[in-house]
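> With mature numbering (1 follows the signal peptide of the UniProt record, and there is no 0) applied, the sequence shown covers -24 to -1, 1 to 290.
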Amino acid sequence: MRRWRMFAVLAATMVMAVMSGAGAGPVYAQLPVVYNFFAGVPGELTDPGGSLPGSNDWSCRPSPAHPDPVVLVHGTAGGRQTNWGTYVPLLANEGYCVFALTYGAYPLPWPVSAIGGLRPIEDSAAELSAFVDRVLAATGARKVDIVGHSQGTLMPNYYAKRLGGAAKIDKYISLAPTWQGTNGFGVADIHDFAWRLGAGPAIDALSGVSCAACFQFARGSAFLRDLNSDGVYAPGIAYTNIMTRADEGVVPYTSGYVLAPNATNIVVQDGCPQDYSEHLAIAGSPRAAGFVMNALDPAHPRPVPCQFIPPFTG
């Protein structure tokens, strides 16, 4: 009788172990987390066109603690590896199902194929739509959380507002958001000046074969006027905007500071003047990452570090 009782206990323990493992999220050996915007570049060089360890695991099943897969959306000229060397291991180590795509790249041989965010934003949003549908189908989740950087903060909003994506997004977290456009590197001034000189069609045609998206996210563009005509944000999504005063890509940085009941605005220098992160470094900064993690899991906030953050790397 005792032997049968021990067998029953052992069997029950094994069943419970299997049940607790189901839907427990990804299990990885702790991946190294390097707080540097360029941390993903070696991955692209050693595995061209691949995915960073911890991302794009199509067998991943979200846990009850993190029910929404996280989709990482890179910026202009970025890619799924080059932009997210910090965030893929950070999120995977925390038990999130992490997915990342390269969108808006021209269909040319590597390394050009790894340079995303160049094609029209409408085309890129359609790519994101298909990718999100694949993520939801593979994971069984109802919604995803978006973490975007630079153009990757704006393009998903077209998906949300114009392609029906709002019903599939829970949290939308933006690093260096550009909701109201930018004059970074003079992009808006160049475009306006070209049109005043009568060279507008020529410069638009030139951008169409190099970076069609670049003038779309310029301040005052027709694309932005149309996208924001019904307000910046999509209802039903919780937006978090994380900005830096030192942003040389989003000018002015307050382009990303838009008030709304469903939006939280954070400037990384508030309370931490030694943070010198700019447009690139904000996607590799431990301080910005702390805000991202709290936005993804607001029920379990953690202290956000304040330390010296150098520009360009993070």
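C-beta atoms are modelled at their ideal positions from N, C-alpha and C, and glycine is treated no differently.
1) Determine the extent of the beta strand (DSSP E) in which Lys147 is found, giving its start and end residues.
2) Taking contact to mean at least 3 C-beta pairs separated by less than 8 Å, is the stretch 148 to 155 in contact with the stretch 113 to 131?
3) Work out the CA separation of Tyr82 and Cys190 for me, nearest whole Å.
4) DSSP has Phe75 in a bridge; who is on the other side?
5) May I have the straight-line CA-CA distance separating Thr220 from Ser261, to the nearest angstrom?
6) Helix or strand or just coil, what does DSSP make of Asp223?
7) Leaving out five residues before and five after Asp223 in sequence, what residues of the same chain have Cβ atoms less than 8 Å from its Cβ?
8) Do you know how far the Cα of Ala188 is from the Cα of Phe169?
9) CB-CB under 6 Å to Val243, same chain, minus the five flanking residues each way: which ones, in chain order?
10) Any idea which residues DSSP pairs Cys31 with across the strands?
11) Helix, strand or coil: how does DSSP classify Ala210 here?
12) Please name the residue or residues paired with Asp251 in a DSSP beta bridge.
13) Using the Cβ count rule (16 or more neighbours within 10 Å means buried), how would you classify Phe284?
14) With distance defined between alpha-carbon atoms, name the residue in Val111, Ala214 and Tyr134 nearest to Asp99.
15) Does the stretch 63 to 74 come close enough to the stretch 29 to 46 that 3 or more CB-CB pairs lie under 8 Å?
Once the coordinates are examined:
1) Walking along the sequence shown from the start, residue 147 turns up at place 171. Run containing Lys147: Ile145 to Leu151, per the beta strand (DSSP E) assignment.
2) yes
3) For the purposes of this step, residue 190 is taken as residue 214 along the sequence shown, with counting starting at 1. For the purposes of this step, residue 82 is taken as residue 106 along the sequence shown, with counting starting at 1. Approximately 15 Å, taken between the alpha carbons.
4) Residue numbering aside, residue 75 sits at position 99 when the sequence shown is read from its first letter. Its beta-bridge partners are Val47.
5) As a first step, residue 220 is located in the sequence shown; it is residue number 244 there, counting from the start. As a first step, residue 261 is located in the sequence shown; it is residue number 285 there, counting from the start. If I take the Cα positions, the gap works out to 11 Å.
6) As a working mapping, residue 223 is identified with position 247 in the sequence shown. Of the three classes helix, strand and coil, the one that applies to Asp223 here is coil, per DSSP.
7) On the sequence shown, residue 223 is found 247 positions in, with the first residue counted as 1. Cβ within range, chain order: Ala152, Gly160, Tyr229, Glu254, His255 and Ile258.
8) The residue given as residue 169 occupies position 193 in the sequence shown. The residue given as residue 188 occupies position 212 in the sequence shown. With a pLDDT of only 39 at Phe169, under 50, the local geometry of the prediction cannot be trusted, and the value read off the model is given with reservation. About 18 Å.
9) For the purposes of this step, residue 243 is taken as the residue at position 267 of the sequence shown. Taken in chain order, the residues that qualify are Met219.
10) Taking the sequence shown and counting its residues from 1, one reaches residue 31 at position 55. The residue you asked about is not Cys; residue 31 is Ser in the sequence shown. Val74, per the DSSP bridge assignment.
11) As a position in the sequence shown, residue 210 is number 234, starting the count at 1. Note: Ala210 maps to coil in three-state DSSP.
12) As a first step, residue 251 is located in the sequence shown; it is residue number 275 there, counting from the start. Paired residue(s): Ile285.
13) One-based indexing of the sequence shown puts residue 284 at position 308. Exposed: under 16 other Cβ atoms inside 10 Å.
14) Taking the first residue of the sequence shown as 1, we reach residue 99 at position 123. Per the Cα distances, Tyr134.
15) yes
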